[in-house]
Amino acid sequence: MNSTLPQHIAGYGDVTPFQGSAAYLDRPIPPRVAAPTRRSTPHGSKQRSSLQAAIEACHPFDGMTVSFHHHLRVGDSVVMQTIELLAQMGIKDIRLAASSLTSAHEGLVPYLQNGTVTRIWTSGVRSGLGEAISAGQLATPVVIHSHGGRARAITTGELTIDLAVIAAASADEQGNCTGTVGPSAFGSIGYAQVDAQYARQTIVVSDTIVPYPCVPVSIPQTQIDHVVKVDAIGDVRKIASGSTRITKSPVDLLLARRVADVLHASQAMTPGFNFQLGSGGASLAVAKFLRPYLRDEQLKGGFLLGGIVAEAVALKQEGFFDAIVDVQSFDSAVATSMAEDPHHLEISADTYANPFNGGCMTDLVDICVLSALEVDTDFNVNVITGSQGVIMAASGGHSDTAFGAKLTVVVCPSFRGRVPTLVERVTTCVTPGEDIDLLVTERGICVNPRRPELEARLKAAHLPVVDIHTLKAKVDKLLGVPAPQRFNDRIVGVVQYRDGSVIDVIRQRRGA
Amino acid sequence: MRIKKYRSMLYVPGNNPAMVQQATIYGADSVLLDLEDAIAPDEKDAARDLLRHHIPLLDRENCVLTVRVNGLDTPLGEQDVRAMVPLQLDAIRVPKVESAVAMQQLDALITELEREHGITQPVEIHAMIETARGVMNAADIATSTPRISALTFGAQDLLADLGLRRTDRAGLTFPRGQILMAAKAARLHVLDTPFIDIEDEDGLRASAEEAKSLGFTGKAVINPRQIDIVNQVFSPSPEEVTHAIRVVGSFNAHKAAGSGVFALDGKMVDRPVVEQAITVLRLADIDPATL
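Here is the structure:
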């Protein structure tokens, strides 16, 4: 995939190069580490007076790994509260292991500079924090993993968590907690379930402490050491947007309608098909355009997977799917559904996408629709770095679902502004082209040559199929070819494939 | 009548690079790149330059490309025509057309430019009728030159010219009918004015259905989100397509046998019926020659 990968990366270690998305199936199965044991005093309380008191009770130390989950998205304040307290305690050299990081975490930048945080393992980094890391302000390369890759790293012991700080919408004093009920309800707490199970110590942070027992129990008290009530776990308006509006962007609508047409023509929508739909306006619109096909052909799917949006809940409630399987919720309506609908299941990141367990959900997906920042002529996908080479987005479940799904569709405009999306070689490869079947753009649909039967079906349906090189030439003619980005040798990011191999590296921008 | 698809015609401001470069991707049968009302006076030159650069890059495979020039009674009008014709447009749309003579003069100018630039595919003229004088002269305008392929009805300017308010739609009944009849008599396309509330999908559909029932061949749209609805309304129904296939298929068989008139389901089929059926087939993307 990437011939320039070094054998060893300072601050990361020896590199196992990516050998193909299915290569892990032929390797020895890595051993699963044991979950730590705990003990507690009969009739004791786990409630601590403050987050600081809880952290002190965990005996923090230099070099520790502290984990967080990102279900609170841009509304999160727990990460910053925790790191600020650890810094005040003089703790240095922290490895921050957040399932993802958003614009709410720009405040971390000074802590990179003063040595409080020297390592970050995460699925995504955005805004000012991404710019700082791209500019080399983190002492070691950020490790980017998929959601399934993170679960793998934790369960195999590659990522050992010393302290998991878990934000919950409500909890009881023994630590039973959930994300689905409470004034700050955000839905599934699936990423934190793995952390709680494997972390050496855990703190549940909530703005709502309910009488014992907390119902439903998303994370059980057996995995929790301390419970803290805080005034707020974040900005509720940003945690659960309540947004169910379909995009009004003509290009997004065009893309969404084309995806629905493609899915229909592909003949992949068979009775009981399992579907993963991304979040965002265009994805909501895909559901809108898919609905008439499902209705006209009286077609009913199996489960909807992944980051769940309100439109997915609507499809389930209208009877188009049997179940929702939810590792992350994107809307307040989703939290309500999960609390009330027994066929709306909350799952852990391990169940969602870990390649090393008895069967993850992404391996059962028939169709997935994914987005991209860049796609190259070999169908490799970049969802992490922007056109200037800056880390700005998230790997998420992209490579997990692309591998598992029978039909993987990447949808994106062929350019954004004056920047081409379709390129000769992606700046950073996150998902290998071997797992992408189709690229849907506003200027044509490109079929991976690995799927000639699919190309025949789309052409038979009179859909605008175009060779990916032809499409690239068309976009280049329209925009011109941008000058290549220029990077220094220093590696600022390591992109892990879901099996733990390294699929690419991110280098420091020249001039940064 | 020359058959081109004109179910929907998307208005696109000629000074907006992002909109211009995306103009032909949304599925509109035709695109109108505007140099006239949508462009502020001090943007006119920039808009013309932008179109000169972008038009050759547009994907026009399934889209008729037209440019609305400034009024021919202004210096800008002729400058626009001279800049646009060499780009091998499908048509020039002329605003506020009031006389046959003006169209004949434009025809002469286009002919000169086609010769000068070696353009072999004739550039059509779409005459926009949007003044009282234009309405009264619509029949003469429609037949003024063979280069005219469509009349278009512009409601907003006409309302202003008639001294009516935006809500005085009844005042448009006669002018609209007059333009329709002029176009039909000359066997031209005739396009309805846009529906301006882009959030009101039901209103748009009703407006398009009304226009179709009156005889309009298409409707202008001001937002890509309106295209699907307008295309749906102006597309033939499956029953119409089935019937047209039978008509043309029978016609081809009878023609081979030397007969131009025949009966189908007890009804006479002659040339106008066949032409209508061919129109339906082309709107349904079916090549009549294959039947």
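Chains G and H are the protein sequences, given in the same order.
So in UniProt numbering, spot 396 of the first sequence is number 396, and the numbers just go up one at a time.
So in UniProt numbering, spot 230 of the second sequence is number 230, and the numbers just go up one at a time.
C-beta atoms are modelled at their ideal positions from N, C-alpha and C, and glycine is treated no differently.
On a predicted model such as this, the values are computed, not experimentally measured, just so you know.
To which residues of the same chain is residue i closer than 7 Å at the C-beta, ignoring the five residues directly before and after it?
i, result
"Phe330 of chain G", "Ser279, Gly307, Ile308 and Val309"
"Arg253 of chain G", "A quick correction: the sequence has Leu, not Arg, at residue 253 of chain G. Hits under 7 Å: Thr247 and Ala285."
"Leu50 of chain H", "Gly14, Asn15, Pro17 and Val20"
"Asp350 of chain G", "Ala151, Thr155, Val194 and Asn357"
At what residues does the beta strand (DSSP E) containing residue i begin and finish?
i, result
"Gln328 of chain G", "Phe321 to Ser329"
"Leu345 of chain G", "His344 to Glu346"
"His226 of chain G", "His226 to Lys229"
Whole angstroms is fine: what's the gap from residue i's alpha carbon to residue j's?
i, j, result
"Ala153 of chain G", "Gln197 of chain G", "13 Å"
"Leu108 of chain G", "Tyr497 of chain G", "26 Å"
"Gly218 of chain H", "Arg205 of chain H", "12 Å"
"Arg2 of chain H", "Leu188 of chain H", "Bear in mind that a pLDDT of 39 at Arg2 of chain H, under 50, signals an unreliable position, so the model cannot answer this."
"Gln388 of chain G", "Arg510 of chain G", "10 Å"
"Met80 of chain G", "His53 of chain H", "50 Å"
"Val233 of chain H", "Leu479 of chain G", "35 Å"
"Glu36 of chain H", "Pro413 of chain G", "30 Å"
"Lys44 of chain H", "Val67 of chain H", "13 Å"
"Ala171 of chain G", "Pro432 of chain G", "41 Å"
"Arg119 of chain G", "Thr65 of chain G", "9 Å"
"residue 536 of chain G", "Glu158 of chain G", "Because chain G spans 1 through 512 in this model, residue 536 of chain G falls outside it and cannot be assessed."
"residue 326 of chain H", "Ala260 of chain G", "The structure shown does not extend to residue 326 of chain H, since chain H is modelled only from 1 to 291, so the question has no answer here."
"Asp265 of chain H", "Thr279 of chain H", "20 Å"
"Val35 of chain G", "Asp162 of chain G", "Per the sequence presented here, residue 35 of chain G reads as Ala, with Val not at that position. Their Cα atoms are separated by approximately 12 Å."
"Ile491 of chain G", "Val230 of chain H", "54 Å"
"Ala139 of chain G", "Ser21 of chain G", "30 Å"
"Asp202 of chain H", "Ile94 of chain G", "58 Å"
"Thr41 of chain G", "Ala57 of chain G", "15 Å"
"Leu57 of chain H", "Lys5 of chain H", "21 Å"
"residue 297 of chain H", "Arg166 of chain H", "Look at the range of chain H in this structure, 1 to 291, and you will see that residue 297 of chain H is not part of it."
"Gln121 of chain H", "Leu315 of chain G", "50 Å"
"Ala461 of chain G", "Ala473 of chain G", "25 Å"
"Cys429 of chain G", "Ala394 of chain G", "12 Å"
"Thr74 of chain H", "Arg93 of chain H", "15 Å"
"Gly171 of chain H", "Asp140 of chain H", "22 Å"
"Asp287 of chain H", "Ala211 of chain H", "26 Å"
Return the first residue and the last residue of the alpha helix (DSSP H) that residue i is part of.
i, result
"Ala151 of chain G", "His147 to Thr155"
"Ile245 of chain H", "Pro238 to Ala256"
"Gly441 of chain G", "First, the amino acid is wrong: residue 441 of chain G is Thr here, not Gly. No alpha helix (DSSP H) holds Thr441 of chain G; the beta strand (DSSP E) holding it covers Leu438 to Thr441."
"Leu214 of chain H", "Glu201 to Leu214"
"Ser266 of chain G", "Pro250 to Ser266"
"Asp489 of chain G", "Taken as a continuous stretch (DSSP letters only), Asp489 of chain G belongs to no alpha helix (DSSP H), being part of the beta strand (DSSP E) at Phe487 to Gln496."
"Arg115 of chain H", "Ala100 to His117"
Could you tell me which residues DSSP puts in a beta bridge with residue i?
i, result
"Val125 of chain G", "Its beta-bridge partners do not exist; DSSP assigns none."
"Arg282 of chain H", "Arg282 of chain H pairs with nothing; no bridge assigned."
"Leu264 of chain H", "H:Lys267"
"Tyr11 of chain H", "H:Leu32"
"Leu58 of chain H", "For Leu58 of chain H, which the question treats as bridged, DSSP gives no partner whatsoever."
"Leu422 of chain G", "G:Val375"
"Glu78 of chain H", "DSSP, once it has assigned bridges, lists no residue as partnering Glu78 of chain H."
"Pro17 of chain G", "G:Val502"
"Cys368 of chain G", "G:Gln276 and G:Thr408"
"Gly307 of chain G", "G:Gln328"
"Arg68 of chain H", "H:Asp34 and H:Arg93"
"Leu163 of chain G", "G:Val66 and G:Gln201"
"Ile415 of chain G", "First, the residue type needs correcting, since residue 415 of chain G is Phe and not Ile in the sequence shown. DSSP, once it has assigned bridges, lists G:Pro420 as partnering Phe415 of chain G."
"Thr152 of chain H", "H:Met128 and H:Leu191"
"Cys214 of chain G", "DSSP output for Cys214 of chain G lists no bridge partner at all."
Kindly list the residues whose CB is nearer than 6 Å to the CB of residue i, restricted to its own chain and excluding five residues on each side of it in sequence; keep chain order.
i, result
"Gly71 of chain H", "Gly77, Pro95 and Lys96"
"Val225 of chain G", "Here residue 225 of chain G turns out to be Asp, not Val, going by the sequence shown. Same-chain partners within the cutoff: Gln201 and Thr202."
"Gly444 of chain G", "Pro464, Val466 and Leu471"
"Glu209 of chain H", "Val233"
"Met84 of chain H", "Val67"
Leaving aside the five residues before and after residue i along the sequence, list all residues of the same chain whose C-beta is less than 8 Å from its C-beta, in chain order.
i, result
"Ile219 of chain G", "Ile166, Ala168, Gly175, Asn176, Cys177, Thr178, Ile189, Ala192, Gln193, Ala196 and Val204"
- Taking 8 Å as the threshold, find out whether the segment 446-462 of chain G comes into contact with the segment 476-492 of chain G through three or more Cβ pairs. no
- Task: Count the CB pairs spanning the segment 113-133 of chain G and the segment 329-349 of chain G that are closer than 8 Å, and state whether there are at least three.
- Result: Verdict: no, contact absent.
- Task: Decide if the segment 374-394 of chain G is in contact with the segment 334-345 of chain G; the criterion is three or more beta carbon pairs, one per stretch, under 8 Å apart.
- Result: no
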